[in-house]
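K.L.:
Below is a structure I'd like to ask you about.
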Amino acid sequence: SNYVQLIGNLGRDVEVQTFDNGTTRARVSMATKEVFQNRAGEKQVATQWHDLVAWGKVAEMMQVFLKKGSSVVVQGKLHHYSTGEAEQAVRRTEVVVKEFRLMS
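Residue numbers for the sequence shown follow the working numbering, so the first one is 1269 and each next one is one higher.
If you want it as structure tokens, here you go:
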């Protein structure tokens, strides 16, 4: 099963685009943090950035309720794709958001 849940903060406002056929797409980036100790026992924080995409009603609700800095839980699936031609192709991964919940 392709399922992912992330808890983090949005790095920018949600960007929404409506296509000619009426479909709505939202895009935004989310930062997650992992706290761990290195070999010397010092606390370290690693930040990972994730590209999120949502469609339809979920996209519209994200635009209404979320903004830069929002703390949010997202649930969805991973989507892998390539951009560019052959040797210059860049492999990318995004999270297709099916549900989200704003953290208080």
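For glycine and all other residues, C-beta sits at the position ideal for the given N, C-alpha and C. Keep in mind that this is a model prediction, so the values were computed, not measured.
Any idea if residue 1282 is buried or exposed, counting beta-carbon neighbours within 10 angstroms, 16 or more meaning buried?
P.N.:
Reading the sequence shown from its first residue, position 14 is the one you call residue 1282. Counting Cβ neighbours within 10 Å, residue 1282 comes out buried, since at least 16 surround it.
K.L.:
Determine, using beta carbons only, whether residue 1324 and residue 1291 come nearer to each other than 8 angstroms.
P.N.:
Translated into the one-based positions of the sequence shown, residue 1324 becomes position 56. Translated into the one-based positions of the sequence shown, residue 1291 becomes position 23. Cβ atoms of residue 1324 and residue 1291: closer than 8 angstroms.
K.L.:
Can you tell me the Cα-Cα spacing of residue 1360 and residue 1346, whole angstroms?
P.N.:
If you number the sequence shown from 1, residue 1360 lands on position 92. If you number the sequence shown from 1, residue 1346 lands on position 78. Going by the C-alpha atoms only, they are around 10 angstroms apart.
K.L.:
Using beta-carbon positions only, say whether residue 1336 and residue 1279 come within less than 8 angstroms of one another.
P.N.:
Counted from its first residue, the sequence shown places residue 1336 at position 68. Counted from its first residue, the sequence shown places residue 1279 at position 11. Yes.
K.L.:
Give every residue of the same chain whose Cβ lies closer than 7 angstroms to the Cβ of residue 1274, excluding the five residues on either side of it in the sequence, and list them in chain order.
P.N.:
Position 6 of the sequence shown, counted from the first residue, corresponds to residue 1274. The answer, listed in chain order, is 1298, 1300, 1318, 1342 and 1363.
K.L.:
List in chain order: all unbroken alpha helix (DSSP H) runs of 4+ residues lying wholly within the stretch 1339-1365.
P.N.:
None, since the stretch 1339-1365 contains no complete alpha helix (DSSP H) of that length.
K.L.:
Please report how far the alpha carbon of residue 1371 lies from the alpha carbon of residue 1334, in whole angstroms.
P.N.:
One-based indexing of the sequence shown puts residue 1371 at position 103. One-based indexing of the sequence shown puts residue 1334 at position 66. For residue 1371 and residue 1334, the distance between alpha carbons rounds to 10 angstroms.
K.L.:
Find out if the Cβ-Cβ distance for the pair residue 1284, residue 1331 is shorter than 8 angstroms.
P.N.:
Locating residue 1284 in the sequence shown gives position 16, counting from the first residue. Locating residue 1331 in the sequence shown gives position 63, counting from the first residue. Contact: yes.
K.L.:
Note the first and the last residue of the continuous alpha helix (DSSP H) segment covering residue 1332.
P.N.:
Walking along the sequence shown from the start, residue 1332 turns up at place 64. Counting along the chain, the alpha helix (DSSP H) containing residue 1332 begins and ends at 1324-1333.
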